[in-house]
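4 protein chains.
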Amino acid sequence: MRLTPEQNAEITHSREVTSPTRRVVSSGLEEILFAALPVLDHGMIRVIDYMGDDSAIVQAARVSYGRGTRKVSEDKGLINYLMRHRHTTPFEMCEIKYHVKLPIFVARQWIRHRTANVNEYSARYSIMDREFYLPAPEYVAAQSATNHQGRGATLGSDQAKAVIDLLRADAERCFDHYEELLNEDARDPTREGLARELARMNLTLNTYTQWYWKIDLHNLLHFLSLRLDPHAQYEIRAYAEVMLDTVRRWVPHTYDAFLEYRMGGAHLSAAGLAVVRRMLEGEAVTREDSGLSHREWRELMETLGRADG
Amino acid sequence: MRLTPEQNAEITHSREVTSPTRRVVSSGLEEILFAALPVLDHGMIRVIDYMGDDSAIVQAARVSYGRGTRKVSEDKGLINYLMRHRHTTPFEMCEIKYHVKLPIFVARQWIRHRTANVNEYSARYSIMDREFYLPAPEYVAAQSATNHQGRGATLGSDQAKAVIDLLRADAERCFDHYEELLNEDARDPTREGLARELARMNLTLNTYTQWYWKIDLHNLLHFLSLRLDPHAQYEIRAYAEVMLDTVRRWVPHTYDAFLEYRMGGAHLSAAGLAVVRRMLEGEAVTREDSGLSHREWRELMETLGRADG
Amino acid sequence: MRLTPEQNAEITHSREVTSPTRRVVSSGLEEILFAALPVLDHGMIRVIDYMGDDSAIVQAARVSYGRGTRKVSEDKGLINYLMRHRHTTPFEMCEIKYHVKLPIFVARQWIRHRTANVNEYSARYSIMDREFYLPAPEYVAAQSATNHQGRGATLGSDQAKAVIDLLRADAERCFDHYEELLNEDARDPTREGLARELARMNLTLNTYTQWYWKIDLHNLLHFLSLRLDPHAQYEIRAYAEVMLDTVRRWVPHTYDAFLEYRMGGAHLSAAGLAVVRRMLEGEAVTREDSGLSHREWRELMETLGRADG
Amino acid sequence: MRLTPEQNAEITHSREVTSPTRRVVSSGLEEILFAALPVLDHGMIRVIDYMGDDSAIVQAARVSYGRGTRKVSEDKGLINYLMRHRHTTPFEMCEIKYHVKLPIFVARQWIRHRTANVNEYSARYSIMDREFYLPAPEYVAAQSATNHQGRGATLGSDQAKAVIDLLRADAERCFDHYEELLNEDARDPTREGLARELARMNLTLNTYTQWYWKIDLHNLLHFLSLRLDPHAQYEIRAYAEVMLDTVRRWVPHTYDAFLEYRMGGAHLSAAGLAVVRRMLEGEAVTREDSGLSHREWRELMETLGRADG
């Protein structure tokens with residue numbers, strides 16, 4: 127269950143209404159406004175509202191009176207310049223608001239980004255839905271042997287099935303007991319229901335929660351640069367990828383600049399840059415005389431596309 | 127000079143364009159969108175963009191799928207409840223962006239509020255306009271004798287005129303020299319122009335600057351509660367009052383709740399509350415047996431409307 | 127288990143070392159530095175570090191060159207003044223760092239305060255301890271009938287015991303399976319261990335986590351004012367009370383001002399203040415002609431100590 | 127005049143007092159605590175307080191109970207790892223507080239960094255000192271012809287002298303009139319003094335102000351990375367350089383990692399990285415077939431140390 131028929135009806139109804147506005151409108155984002163974009167097994171992301179588009183960044187950078195230049199090439203050039211030189215404040219002038227359904231353990235990573243506004247569904251006030259995240263078999267992986275905080279190879283299908291069955295059984299049982307403790311509508315008339323704020327502690331960390339989450343474009347890109355990273359946990363990366371696509375629809379010039387100057391490039395350390403300079407001079411640099419650790423050397427060679435490193 | 131003909135034309139042009147949007151629209155704010163609302167002698171405030179309205183607060187508080195209840199009375203009740211109980215996060219779900227023209231000494235107070243996004247017109251990059259704030263005679267006041275950081279009685283008209291003349295002469299002269307230093311277009315071909323980032327240091331603090339300033343509704347209300355206070359300097363209060371009126375147009379329920387539960391009420395200290403309780407019991411409390419300082423007592427009596435205090 | 131012998135030894139060792147410093151020192155806080163102050167059944171709070179004391183607030187308010195006035199009465203008066211008039215920035219000049227062990231569902235409330243720095247124990251990287259929060263019987267309460275987000279009367283001892291037993295059994299079973307999934311040290315050599323970042327999702331929300339949490343004094347007081355409130359959930363209030371006592375030790379003048387001007391007083395709405403004024407004029411105001419809702423009236427009467435309201 | 131004899135006496139007195147503390151102590155920083163480090167002609171920076179050192183970063187990253195490992199090499203390795211992988215939260219666990227005297231136009235750039243706590247000397251409350259920044263002749267430069275927001279070649283000594291004389295004369299005259307407006311101690315008994323909050327608007331932007339400024343180490347490094355950049359204005363860079371040296375004294379491992387992984391390295395864009403890879407394959411890449419703009423190409427060649435680019 128991702129959405130109930132009532133929820134779908136509410137969304138459909140919201141999408142049918144349009145009103146005239148003097149504000150800038152992002153046609154790419156309007157197309158998907160309010161629609162539930164699926165993530166993981168029961169999660170989703172919906173764009174609820176937004177403010178500004180690429181032209182608003184240009185307008186703010188120029189502190190201008192009107193809509194700014196109409197030449198697309200100038201706008202694009204300025205946005206590239208701002209991204210390249212870390213002039214971040216104009217990107218803060220765009221804002222977006224999402225409605226996200228996500229497992230609690232993902233929510234706990236996500237909330238560490240403090241430069242956003244959040245309204246979470248309250249389990250003190252309301253009753254949680256019976257929905258848990260269970261990884262698809264191809265994402266059930268062993269602890270990485272080389273990286274303390276990562277996963278390694280996928281488990282065999284029998285082992286994966288055993289893991290999923292166990293996760294499901296525990297989540298179901300804990301939720302059954304959660305409902306038993308709540309004793310809603312005096313299902314068992316011989317006893318009182320436990321306070322919601324207490325009963326919730328029996329839920330497992332893969333239970334889905336939901337929230338409204340609002341952030342400016344600069345901080346969203348920072349969030350994405352961290353959460354799209356291959357080292358980020360798959361379950362949060364899945365959300366980041368869907369959000370990246372909303373950025374593409376919303377502010378296409380900024381999206382291009384982000385890929386070109388942030389995600390697609392690489393940062394070299396002082397020692398790494400020295401290695402590159404020596405190699406470009408024709409020197410045959412080895413790890414031993416590079417000053418780099420094994421790990422740094424391996425990563426540098428990957429960056430430079432030199433598997434023979 | 128508040129706006130040049132070109133700037134007016136840009137604003138008029140922006141106001142003529144409307145587009146359909148699925149987002150919630152605040153009709154009250156759309157009416158004045160982009161228009162220059164005058165403040166002080168040359169300053170202004172323009173609403174450039176906004177996100178959300180009263181219904182967005184309700185929607186976020188409920189983490190709902192649709193536009194939320196359609197009953198106005200329920201929305202208003204919930205907004206009052208949220209304001210009364212300091213549930214501030216739903217108010218963070220609305221956002222507004224202003225274009226402000228303001229004297230530098232006002233900008234320096236204003237920027238102390240850190241929970242906003244700012245793009246200021248750059249005097250490193252561009253040349254400032256020849257515009258200074260000169261107080262109207264009725265605002266030219268003496269240093270307060272009782273309040274170290276406030277003004278007292280208005281000066282007589284002759285003295286006020288002398289003050290204004292002196293301020294004008296210094297600002298004009300400094301600006302003349304600023305232009306001389308810049309030597310734009312090689313006005314004086316015998317010498318080079320000074321770097322803008324240096325020349326600007328010759329300007330006086332009443333020179334007008336401008337910025338784009340974006341903030342969420344919760345933090346805007348906090349800003350206003352501080353800057354609408356009678357102890358705030360008049361020159362920044364003048365901006366706060368115009369902004370308060372944009373809040374009234376934008377989110378009328380929130381505006382009412384703000385006046386009722388924040389601005390219109392009063393905070394009593396523990397000792398002040400004890401005094402009120404004793405008075406309500408019929409006791410004739412005096413300052414001496416109240417435990418309050420002279421200043422606290424005077425302020426409490428004013429709050430309670432007891433001039434005889 | 128709150129602390130292992132090794133942890134106790136580390137703490138004892140840390141407490142034994144002192145070094146000379148030119149910085150201001152809070153003797154009250156030094157006494158308890160590093161010591162584990164117990165909270166709930168397995169939780170704790172430790173003060174790890176701090177910066178500044180009452181005199182640092184005075185010094186910052188005056189932007190002074192030395193240690194500021196040596197007259198205690200002047201310092202105390204200035205701190206009262208700053209607190210009363212919401213001059214919050216000098217209080218931001220003091221900083222404190224805690225090490226906190228707390229149930230995950232409490233951590234999720236706590237983290238909503240974004241103006242702090244946090245380093246949480248990572249369940250991606252490390253293995254969690256087998257420790258769960260189980261409420262003491264006197265805190266096992268029914269859902270409140272009047273307040274959607276609160277608890278009502280305590281359950282009878284049999285029912286409470288049944289609740290606790292069920293919470294314990296589920297937490298233990300989920301933790302058993304968590305360990306089974308991890309398969310540390312190839313306990314079961316026939317299969318691989320699941321990645322830690324996945325296995326953790328099987329834990330219940332009452333599992334204890336821990337973090338380093340650092341905040342400035344102004345934001346700490348704001349946190350405490352919200353979390354000491356009777357409407358806050360008991361389990362987080364228990365932490366707030368221990369932290370309030372560390373504030374008393376650290377900055378005693380600020381502590382007094384906080385109780386006098388924030389916690390001990392009351393905020394009246396515009397309509398509430400109008401009622402008080404009429405009552406002080408001798409009028410017999412009733413709820414009906416007060417303009418207040420039932421709830422607002424009841425709360426006002428409680429504030430004014432008029433049970434007969 | 128940088129400091130009055132009274133200020134020097136206060137500083138000397140503060141430096142003489144030491145007290146025992148259980149907190150970690152940075153001996154490198156204690157040496158210079160409270161001392162006025164000169165910047166520009168009349169400015170200065172003083173370290174007023176600090177919390178934590180390199181070991182506190184390690185301790186927070188491990189959420190440990192004691193002082194953490196005593197092996198210096200392990201600590202250094204972990205700090206390098208954290209810096210390299212942008213694990214920024216442990217660096218937020220250290221805090222530093224400065225007292226800074228700086229020209230107002232520098233303060234206006236500086237305050238744009240919002241993640242700090244600030245208490246500025248109030249010109250509403252107090253009277254400013256007669257101190258202005260006047261650039262040394264070697265820093266009086268022309269507007270850059272290539273960079274809109276930078277300075278180019280130094281002016282000839284005659285022109286520089288003329289600039290400085292003009293700046294001095296305007297600053298002095300404006301300050302004379304400021305004092306005349308204030309009319310302190312009824313110097314002119316025939317008229318009232320203007321309110322301080324108004325009189326200050328007559329000051330020029332090179333007037334010195336001062337503030338207490340407190341920030342965590344992560345945000346300080348971010349501030350420094352922007353303000354140490356060659357594109358930053360010289361006058362703020364002068365402060366950043368003195369602060370960088372306080373970082374070296376305070377947290378030497380972090381300082382090394384900062385230089386190695388942030389300041390000393392380089393960020394390559396996606397297209398820039400592609401060029402490097404092709405060059406390493408032995409291809410003779412030209413700007414035309416690189417996909418880079420002239421400016422990007424020039425900057426890349428500089429980064430790679432290939433003047434012949």
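Chains as they are written, first to last, in the working numbering: chain A, 127 to 435; chain B, 127 to 435; chain C, 127 to 435; chain D, 127 to 435. Quick reminder that beta carbons are idealized off the backbone N, C-alpha and C, glycines included. All values derive from a computational prediction rather than experimental measurement.
- Counting along the chain, K287/C sits inside the alpha helix (DSSP H) bounded by residues S283 to L308.
- Secondary structure of N206/C (DSSP, three-state): helix.
- For the segment 226-247 of chain A, the beta-carbon criterion of a distance under 8 angstroms to any beta-carbon of chain B is satisfied by N243, V244, N245, E246 and Y247.
- Taking C-alpha positions only, D296/C is separated from L320/C by approximately 21 angstroms.
- Proximity of chain A to D342/B at the Cβ level (cut-off 7 angstroms) is accounted for by N243, in chain order.
- Along the segment 228-255 of chain C, the beta strand (DSSP E) occurs as fully enclosed runs of 3 or more residues at 243-246, listed in sequence order.
- Per the C-alpha coordinates, the member of I341/D, R212/D and F301/D positioned closest to T330/D is F301/D.
- Within the model, the alpha-carbon separation for D415/C versus V173/D is close to 60 angstroms.
- For E221/D, the neighbours in chain C by C-beta distance under 7 angstroms run, in chain order, M177 and E221.
- Using a Cβ distance threshold of 9 angstroms, L350/C and L324/C do not count as a contacting pair.
- Counted as a single uninterrupted DSSP element, the stretch harbouring Y387/D is not any alpha helix (DSSP H), since DSSP gives it neither H nor E.
- Only exposed fits Y251/C, as fewer than 16 other CB atoms lie within 10 angstroms of its CB.
- Contact annotation for R432/B against chain C: L406 [CB-CB distance below 8 angstroms, chain order].
- DSSP, reduced to helix, strand and coil, places V150/D outside both helices and strands of the structure shown, so it counts as coil.
- The DSSP-derived three-state label of I137/A is helix.
- In chain order, Y381 place their CB closer than 6 angstroms to the CB of V373/C, counting only its own chain and leaving out the 5 sequence neighbours on each side.
- The three-state reading of DSSP puts V226/B in strand, counting E and B together.
- Contact of G154/D with chain C by beta-carbon distance below 9 angstroms is absent, the smallest such distance being about 13 angstroms.
- Counting of Cβ neighbours within 10 angstroms places V198/B among the exposed residues, the total staying below 16.
- With respect to the C-alpha of R128/C, the residue from R256/C, A187/C and D342/C having the closest C-alpha is R256/C.
- Using beta-carbon distances, R277/A does not count as an interface residue toward chain B, since no partner is under 9 angstroms.
- Interface criterion met: the Cβ of R210/C is under 9 angstroms from a Cβ in chain B.
- Not a single CB atom of chain B sits nearer than 9 angstroms to the CB of L399/D.
- Below the 8 angstroms Cβ cutoff, chain C contributes no neighbours of R322/D, its closest Cβ being approximately 15 angstroms away.
- Annotation: the continuous beta strand (DSSP E) that includes Y338/B extends over Y334 to D342.
- Taking CB atoms only, E422/C has a neighbour in chain B less than 9 angstroms away.
- Per DSSP, the continuous alpha helix (DSSP H) segment holding I183/C begins and ends at D180 to R188.
- Pairing R432/A with L406/D, the inter-Cα distance amounts to about 9 angstroms.
- Between the segment 136-153 of chain A and the segment 303-322 of chain A there are fewer than three inter-stretch CB-CB distances shorter than 8 angstroms, so the stretches are not counted as touching.
- In the DSSP assignment, V173/D falls outside any alpha helix (DSSP H) and within the unbroken beta strand (DSSP E) covering G169 to M177.
- Annotated as distal: V232/C and Y265/C, with beta-carbon spacing of 9 angstroms or more.
- Within its own chain, the residues whose Cβ lies closer than 7 angstroms to the Cβ of M170/B, once the five positions on either side in sequence are excluded, are R128, A162, L163, P164 and K227, listed in chain order.
- Identification of chain A residues near S395/D by a Cβ-Cβ cut-off of 8 angstroms yields R210, E386, Y387, G390 and G391, ordered along the chain.
- Counting along the chain, no alpha helix (DSSP H) covers V165/A; the unbroken beta strand (DSSP E) around it starts and ends at L163 to V165.
- Here the C-alpha atom of A397/D lies approximately 7 angstroms from the C-alpha atom of E386/A.
- Note that the segment 209-226 of chain C touches the segment 173-193 of chain C; at least 3 beta-carbon pairs, one per stretch, sit closer than 8 angstroms.
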